[in-house]
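Each remark here refers to the structure printed beneath this line.
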Amino acid sequence: MSTATTGTQAPVVNHAKRREAVFIILAGTFLVAVAQMLIKSGADRLAQSGQTGLIGTAIGILTIPPLFAGYALYAVFAVMMIYSLKHGEMSVLFPLISLGFVWVAILSVFILHEAMSPLKGAGIAIIVAGVAILGRGGSH
Amino acid sequence: MALVLGGSVIGSVGAAFLKSGAVLVEKSLSSIVLNWRLAVGAVTYLLSSVLFVKGMSHGELSVLFPMVSLSYICSLVWSKLFFHEAITSAKLYGVGLILVGIVCLGLGSA
Chain A
1 MSTATTGTQA PVVNHAKRRE AVFIILAGTF LVAVAQMLIK SGADRLAQSG
51 QTGLIGTAIG ILTIPPLFAG YALYAVFAVM MIYSLKHGEM SVLFPLISLG
101 FVWVAILSVF ILHEAMSPLK GAGIAIIVAG VAILGRGGSH
Chain B
1 MALVLGGSVI GSVGAAFLKS GAVLVEKSLS SIVLNWRLAV GAVTYLLSSV
51 LFVKGMSHGE LSVLFPMVSL SYICSLVWSK LFFHEAITSA KLYGVGLILV
101 GIVCLGLGSA
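Chain order of the listed sequences is A and B.
If you use this note's numbering, the first sequence corresponds to residues 1 to 140, in order.
If you use this note's numbering, the second sequence corresponds to residues 1 to 110, in order.
Next comes the structure, spelled out in structure tokens:
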């Protein structure tokens, strides 16, 4: 049982672990973006089947491959997030999840062939800059 | 709208529970399975994402922005209150830039 970490005293900072936590959560955001794309395509298929009730949705998650894969990726992300939160700062890691918006925007352009606008590109660049500042600061 | 704002507060509270549960996780199964903080965190985080998707199906940026900004501000406050994490200038600049970027992304996707 761990008792030291539950007290009011902050535990000793391990910089290598903090850096690792930042990279794990950033990698996780890519998984979440892929999961969202899979769930979206799976949900369309579920809607076509007409099985939109609670039980129909549950069966759909188990039997429609993209839905199943999407939720499985979410589970993987949950494990990565718990590991990261154990070693890193919540105030750094939680906003870093916003990198997922960037992945979704990029995947939408390349896979769904959505239009790429200058404003979208600027948004991607600004979020990446914010993530970099936050991630760097959070590793120290 | 209330749904969305509620969802964002719930999400950041969920993350706080996940964090408080995560620090107790050791290399034993019981430290994960019997960890009520992790369970509360997972359920509340999941609930917030359901509310998020519900809110998103009506509006886009008008929903996304208040939700995301509120959840980040809440996460800064909770982490300061409960985990004694410092609010540094790097965190404020980073979060500020991310929020500006989300607005651009939202406007650019409209």
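Just so it is clear, CB atoms sit at the ideal spot from N, CA and C, and this is done for glycine as well.
This structure is a prediction, so every number in the text was calculated from the model and none was measured.
What residues in its chain sit with their C-beta under 6 Å from that of B/Ser20, if we drop five residues either side in the sequence?
Taking C-beta separations shorter than 6 Å and ignoring five residues to either side along the sequence, the partners of B/Ser20 in its chain run Arg37, following chain order.
Counting only C-beta atoms, is B/Leu97 closer than 9 Å to chain A at any point?
yes
Could you tell me whether any Cβ in chain A is nearer than 9 Å to the Cβ of B/Phe65?
no
Using a beta-carbon distance below 9 Å, is A/Met80 in contact with chain B?
no
In this structure, does DSSP put A/Gln51 in helix, strand or coil?
coil
Which complete beta strand (DSSP E) runs does the region 20-92 of chain A hold, if anything under 3 residues is left out?
none
On the three-state DSSP scale, how would you describe B/Ser69?
helix
Where does B/Thr44 fall in DSSP's three states?
Three-state result, B/Thr44: helix.
Is A/Arg18 close to chain B? Criterion is C-beta to C-beta, closer than 9 Å.
no
When the cut-off is 9 Å and only beta carbons count, does A/Ile61 lie next to chain B?
no
Could you tell me whether the Cβ of B/Ser48 comes closer than 9 Å to any Cβ of chain A?
Chain A, which has no Cβ nearer than 9 Å to the Cβ of B/Ser48, makes this no.
Tell whether a beta-carbon distance below 9 Å holds between A/Leu38 and A/Met80.
no
Please report the distance separating the alpha-carbon of B/Ile10 from that of A/Ile25.
20 Å
Could you check where the alpha helix (DSSP H) with B/Leu5 kicks off and where it finishes?
Ala2 to Ala22
Against chain B, which members of the region 84-111 of chain A pass a CB distance test of less than 7 Å?
Near chain B, meaning a CB-to-CB distance below 7 Å, the residues of the region 84-111 of chain A are Leu85, Lys86, Glu89, Met90, Ser91, Val92, Phe94, Pro95, Ser98, Phe101 and Ala105.
Quick check: the region 88-103 of chain B against the region 120-127 of chain A, are there 3 or more CB pairs under 8 Å?
With contact defined as three or more Cβ pairs closer than 8 Å, the region 88-103 of chain B and the region 120-127 of chain A are in contact.
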